[in-house]
Amino acid sequence: MGYQESIMFCDDKQQLERLCKVLNSALPEFIDDVTIFAIGQLKKREKVDIWYENRYYYIPKGTYFVWWGGERHPFQSGDCIKQHMIDNFGADYTDWYCVFYEYLVNRYEFLDGIDQEKKNQVQENKRVSIIELTHDKPISENVIKKLK
Numbered sequence: 118m119g120y121q122e123s124i125m126f127c128d129d130k131q132q133l134e135r136l137c138k139v140l141n142s143a144l145p146e147f148i149d150d151v152t153i154f155a156i157g158q159l160k161k162r163e164k165v166d167i168w169y170e171n172r173y174y175y176i177p178k179g180t181y182f183v184w185w186g187g188e189r190h191p192f193q194s195g196d197c198i199k200q201h202m203i204d205n206f207g208a209d210y211t212d213w214y215c216v217f218y219e220y221l222v223n224r225y226e227f228l229d230g231i232d233q234e235k236k237n238q239v240q241e242n243k244r245v246s247i248i249e250l251t252h253d254k255p256i257s258e259n260v261i262k263k264l265k
């Protein structure tokens, strides 16, 4: 079906920490199908264009995120991760919403000035504070703590 990058947005840092715990737990199960690229926080609100429904909405400044990628099906909306969470942590453990990267209106500015080779350190531009991760490794609590 093709590779798809998506961003899982969380309302606050506690939700991000819990999402990372779920992802770390699921990593052995999905390591061949999913790549976790980065975690971060929005410095500006981001417009999401749902072009096929002719509508858009905004994700607020300060929202935390995990940037990940995998095959369009079944990984496109995070359903596999949601099911892993339900099975291992409970249905209400954490909450996130998944957006295809291509739906972000300012996606070409999202990584301006970010060196994707610099791993596990905070980098910033006008849109995000972001930490590029070492692929296929658990997201450490120490890395998460680096985000404000």
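Note that the sequence shown covers residues 118 to 265 in the working numbering. We put the CB at the ideal spot given by N, CA and C, even for glycine. As the structure is a prediction and not an experimental result, all values here were calculated from the model.
In this structure, DSSP gives residue 168 a helical state, which the three-state scheme calls helix.
Here the stretch 160-177 does not lie against the stretch 248-258, with fewer than 3 beta-carbon pairs under 8 Å apart. Proximity to residue 262 across 152, 157, 123 peaks at 157, based on C-alpha coordinates. The stretch 171-185 makes contact with the stretch 124-137, as at least three CB pairs between them are under 8 Å. In the DSSP annotation of this structure, residue 238 is not part of any alpha helix (DSSP H), being labelled neither H nor E. The beta-bridge partner set that DSSP reports for residue 158 consists of 181, 246. Sequence-distant partners of residue 258 (beyond 5 residues in either direction) whose C-beta falls short of 7 Å from its own C-beta are missing from its chain.
The C-alpha of residue 209 lies about 15 Å from the C-alpha of residue 137. Residue pairing by DSSP places residue 123 opposite 185, 217 in a beta bridge.
Out of 227, 216, 200, the CA that lies nearest to the CA of residue 122 is found in 216. Between residue 175 and residue 160, the C-beta spacing is not below 8 Å. Around the CB of residue 230, fewer than 16 other CB atoms lie within 10 Å, so the residue is classed as exposed. Residue state for residue 256 is assigned as coil, using DSSP reduced to three classes. Put simply, the backbone Cα of residue 235 is about 26 Å away from that of residue 128.
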